[in-house]
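K.L.:
Numbering (UniProt numbering), first residue to last: 1 to 524. Beta carbons: idealized from backbone N, C-alpha and C, even for Gly. Since we're looking at a predicted model, the values are computed, not measured.
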Amino acid sequence: FLPKALRTLDYMAPVRSCLLLVVVSVWVQQVDGVWPLPQQLDQSADRNSLSPQRFSFIYGRDSAAQTGCSVLDAAFKRYFSIIFPDFTKGSGLLMSENKSIRYTSVSNSDESYNLSVSEGQAVLRSVTVWGALRGLESFSQLVYQDDYGSYFINKTEIVDFPRFAFRGLLLDTSRHYLPLHAILKTLDAMAYSKFNVFHWHIVDDPSFPYQSRTFPDLSNKGAFHPFTHVYTQSDVMRVIEHARMRGIRVVPEFDSPGHTLSWGKGQPNLLTPCYKGDVPSGSFGPVDPTVDTTYKFMESLLKEVKFVFPDSYVHLGGDEVSFACWQSNPNVRTFMEKMGFGKDFTKLESFYMESIMNMTAALNRTSIVWQDVFDYRERIPQDTVLEIWKGETYQAELSRMTQAGHRVLLSAPWYINHISYGQDWRNSYAVQPQNFSGVWKQKKLVIGGEVAMWGEYVDATNLNPRLWPRACAAAERLWSDEEKTLDADLAFPRLEKFRCELLRRGIQAEPLFVGHCKHEYDGL
């Protein structure tokens with residue numbers, strides 16, 4: 001039998017919503033949770049059996065999203081395989097008939113959804129396609145198998161929405177090149193954990209793998225290898241589209257004026273020549289902020305970044321700038337005197353960063369910068385997002401930044417490239433992003449946070465085990481109600497189950513502790 005279509009709303013029409021109906025069958029005791037934990041979750045021990053042959057996704061008659069909605073059509077195919085991993089024919093799957101849907105960008109969209117699983121049907125309601133994706137993920141985690149391979153789902157009611165709009169994960173592809181398949185696999189796992197921002201730290205001191213169409217020598221001379229260790233324009237577009245289809249934004253970072261040694265190999269006169277006494281030493285420091293050619297180059301590069309990366313955010317870096325080279329250079333010292341900066345090189349960095357942020361604003365993009373930019377008391381456009389990475393005093397920094405009226409991202413306690421023996425996910429889980437001194441108006445300026453996986457000791461061989469399931473702790477903290485998720489001991493069984501689910505989906509998630517999964521990882 002077919003479920004009754006109900007009225008809803010959709011991302012294409014502000015007065016209607018996306019409605020998805022999922023056909024199931026029969027009443028018949030396993031009640032397990034979802035990761036990250038929904039805002040409201042009510043389950044009973046009553047269970048429905050699921051038949052892959054009879055199961056199908058269909059659009060509600062009154063849903064503004066219908067067949068031809070590329071995001072959901074593709075999601076139905078993916079999730080059918082996820083829900084029924086032993087069933088390959090897919091005879092019950094609604095196939096897409098039309099791909100001519102208009103391009104839908106991922107922004108700070110409504111990701112809320114309601115999911116109702118009852119006898120014979122499940123109904124998923126959402127205001128946007130992105131909310132529908134989150135609901136599909138939750139639905140997929142509710143389905144389980146018995147020892148005989150039969151599929152079941154319990155009667156369930158979910159009302160859900162994210163606590164924070166920005167839930168990011170940073171990958172560093174400069175210190176080690178990550179092949180395209182490793183990035184795409186990470187995006188898959190991010191979607192399973194309801195992360196919605198991929199922060200692509202694409203270039204840095206060691207290498208410049210981004211293949212620029214405007215400045216091809218940046219990768220020709222700055223990548224580890226100009227052919228095998230680069231991201232072509234096609235690669236970048238594939239990452240952006242793979243992410244978009246999973247409700248994930250791609251925010252690129254082109255960090256300057258520091259962290260730019262690889263840039264100088266392909267762009268002459270960009271970096272500051274360092275001096276030993278009165279003569280150049282042959283080494284180079286940060287970007288030279290005293291010459292006009294620097295700003296012309298940066299403007300051209302940022303114009304390309306705007307064209308290639310459609311997201312409204314661009315990360316400009318601004319961290320860890322060493323002043324020693326600037327101090328050694330007589331031309332820089334002369335510029336400092338001319339500008340009235342004295343010997344305060346933080347003013348020189350401020351001068352540079354303010355210029356770059358103004359360029360970004362002129363391109364109708366919003367800047368994200370590391371906390372150093374704020375710490376140097378730079379004149380920051382009010383809509384700039386500040387990201388905290390220094391771990392010792394991040395609560396005090398949250399207070400200062402929000403008191404100044406800036407939106408803030410927290411990543412300091414989630415640098416999970418740092419590892420330790422045991423269950424260090426519990427440290428990430430204990431973080432309380434709004435636990436700092438300030439009024440509620442300040443607390444609301446914390447728009448989310450990021451897990452960071454820096455690449456000094458990480459490449460494709462260990463990326464997934466180091467990320468997962470450790471990153472899932474931050475995913476739940478950023479999505480779920482904090483009051484319901486403060487106890488790591490209560491969370492452990494759910495996370496253990498989710499880790500096993502990641503294994504079955506092909507993600508090499510490392511163990512949380514002693515134990516086993518019914519379906520161990522078999523991808524090696």
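When you compare the CB positions of residue 187 and residue 246, do they come within less than 8 Å of one another, or not?
P.N.:
Within the sequence shown, numbered from 1, the residue matching residue 187 stands at position 187. Within the sequence shown, numbered from 1, the residue matching residue 246 stands at position 246. Contact: yes.
K.L.:
Could you check the C-alpha separation between residue 28 and residue 46 for me, to the nearest Å?
P.N.:
Position 28 of the sequence shown, counting from 1, holds the residue named residue 28. Position 46 of the sequence shown, counting from 1, holds the residue named residue 46. Bear in mind that the predicted position of residue 28 carries a pLDDT of just 35, short of 50, making it unreliable; the figure below should be weighed with that in mind. The alpha-carbon atoms of residue 28 and residue 46 are separated by roughly 6 Å.
K.L.:
Are the Cβ atoms of residue 501 and residue 141 separated by less than 8 Å?
P.N.:
Mapped onto the sequence shown, residue 501 falls at position 501. Mapped onto the sequence shown, residue 141 falls at position 141. Yes, Cβ-Cβ distance for residue 501 and residue 141 is below 8 Å.
K.L.:
Let me confirm a value: residue 228 is counted as buried when at least 16 other C-beta atoms fall within 10 Å, else exposed. Which label applies?
P.N.:
Position 228 of the sequence shown, counting from 1, holds the residue named residue 228. Exposed.
K.L.:
Any idea if residue 478 is buried or exposed, counting beta-carbon neighbours within 10 angstroms, 16 or more meaning buried?
P.N.:
For the purposes of this step, residue 478 is taken as residue 478 along the sequence shown, with counting starting at 1. Buried.
K.L.:
So the candidates are 166, 302, 308, 250; which of them puts its Cα closest to the Cα of residue 234?
P.N.:
The residue labelled residue 234 in the question sits at position 234 within the sequence shown. Answer by Cα proximity: 308.
K.L.:
Could you tell me the alpha carbon to alpha carbon distance between residue 496 and residue 514, rounded to whole angstroms?
P.N.:
On the sequence shown, position 496 is the one that residue 496 refers to. On the sequence shown, position 514 is the one that residue 514 refers to. Going from the Cα of residue 496 to the Cα of residue 514 covers about 10 Å.
K.L.:
What is the rounded straight-line gap between the Cα of residue 413 and the Cα of residue 53?
P.N.:
As a position in the sequence shown, residue 413 is number 413, starting the count at 1. As a position in the sequence shown, residue 53 is number 53, starting the count at 1. For residue 413 and residue 53, the distance between alpha carbons rounds to 46 Å.
K.L.:
Starting from residue 45, follow the beta strand (DSSP E) in both directions and report where the run begins and ends.
P.N.:
Residue 45 sits at position 45 when you count from the first residue of the sequence shown. Element bounds for residue 45: 40-50.
K.L.:
Considering only C-alpha positions, which residue in the set 336, 58, 431, 506 is nearest to residue 415?
P.N.:
Along the sequence shown, read from residue 1 onward, the residue named residue 415 stands at position 415. Checked all of 336, 58, 431, 506; the closest Cα to residue 415 is 431.
K.L.:
On a CA-only basis, which of 276, 439, 429 is nearest residue 488? Give me that one, please.
P.N.:
Walking along the sequence shown from the start, residue 488 turns up at place 488. Of the listed residues, the one whose Cα sits closest to residue 488 is 429.
K.L.:
According to the Cβ coordinates, are residue 360 and residue 350 closer than 8 Å?
P.N.:
As a working mapping, residue 360 is identified with position 360 in the sequence shown. As a working mapping, residue 350 is identified with position 350 in the sequence shown. No. Outside cutoff.
K.L.:
List in chain order: all unbroken beta strand (DSSP E) runs of 3+ residues lying wholly within the stretch 48-83.
P.N.:
Listed in chain order, they are 57-59.
K.L.:
Should the stretch 192-202 be called in touch with the stretch 164-177, which here means at least 3 C-beta pairs below 8 Å?
P.N.:
Yes: at least three Cβ pairs fall under 8 Å.
K.L.:
Is residue 127 closer than 8 Å to residue 110 when the C-beta atoms are compared?
P.N.:
Counting from 1 along the sequence shown, the entry for residue 110 is found at position 110. Counting from 1 along the sequence shown, the entry for residue 127 is found at position 127. Closer than 8 Å, so yes.
K.L.:
Please classify residue 245: does DSSP put it in a helix, a strand, or coil?
P.N.:
Counted from its first residue, the sequence shown places residue 245 at position 245. If DSSP states are grouped into helix, strand and coil, residue 245 belongs with coil.
K.L.:
Look at residue 306 and residue 365 and say whether their C-beta atoms are less than 8 Å apart.
P.N.:
Along the sequence shown, read from residue 1 onward, the residue named residue 306 stands at position 306. Along the sequence shown, read from residue 1 onward, the residue named residue 365 stands at position 365. Yes.
K.L.:
Below 8 Å on the Cβ atoms is my guess for residue 451 versus residue 433; work out the distance and round it to an integer in Å.
P.N.:
If you number the sequence shown from 1, residue 451 lands on position 451. If you number the sequence shown from 1, residue 433 lands on position 433. Incorrect: roughly 13 Å between the Cβ atoms, too far for contact.
K.L.:
Please tell me whether residue 536 and residue 302 are closer than 8 Å, where the distance is taken between their beta carbons.
P.N.:
Residue 536 lies beyond the stretch modelled for the chain, which goes from 1 to 524, so this question has no answer here.
K.L.:
My parser needs the beta strand (DSSP E) runs of 3 or more residues fully inside the stretch 340-407; what are they?
P.N.:
DSSP runs (the beta strand (DSSP E)) wholly in the stretch 340-407: 366-370, 385-388.
K.L.:
Three-state secondary structure (DSSP) at residue 507?
P.N.:
Within the sequence shown, residue 507 is the residue found at index 507, counting from 1. Note: residue 507 maps to coil in three-state DSSP.
K.L.:
Does the stretch 375-395 come within contact of the stretch 352-359, defined as at least 3 CB pairs closer than 8 Å?
P.N.:
Yes: the two stretches touch, three or more of their Cβ pairs being nearer than 8 Å.
K.L.:
Looking at the unbroken alpha helix (DSSP H) that takes in residue 183, where does it start and where does it end?
P.N.:
In the sequence shown, counting from the first residue as 1, residue 183 sits at position 183. Its alpha helix (DSSP H) spans residues 180-192.
K.L.:
By alpha-carbon positions, which one of 292, 285, 338, 376 ends up nearest to residue 322?
P.N.:
Counting from one through the sequence shown, the residue named residue 322 turns up at place 322. Among 292, 285, 338, 376, the Cα nearest to that of residue 322 is on 285.
K.L.:
With DSSP run on the structure shown, which of helix, strand or coil describes residue 212?
P.N.:
Residue numbering aside, residue 212 sits at position 212 when the sequence shown is read from its first letter. Coil.
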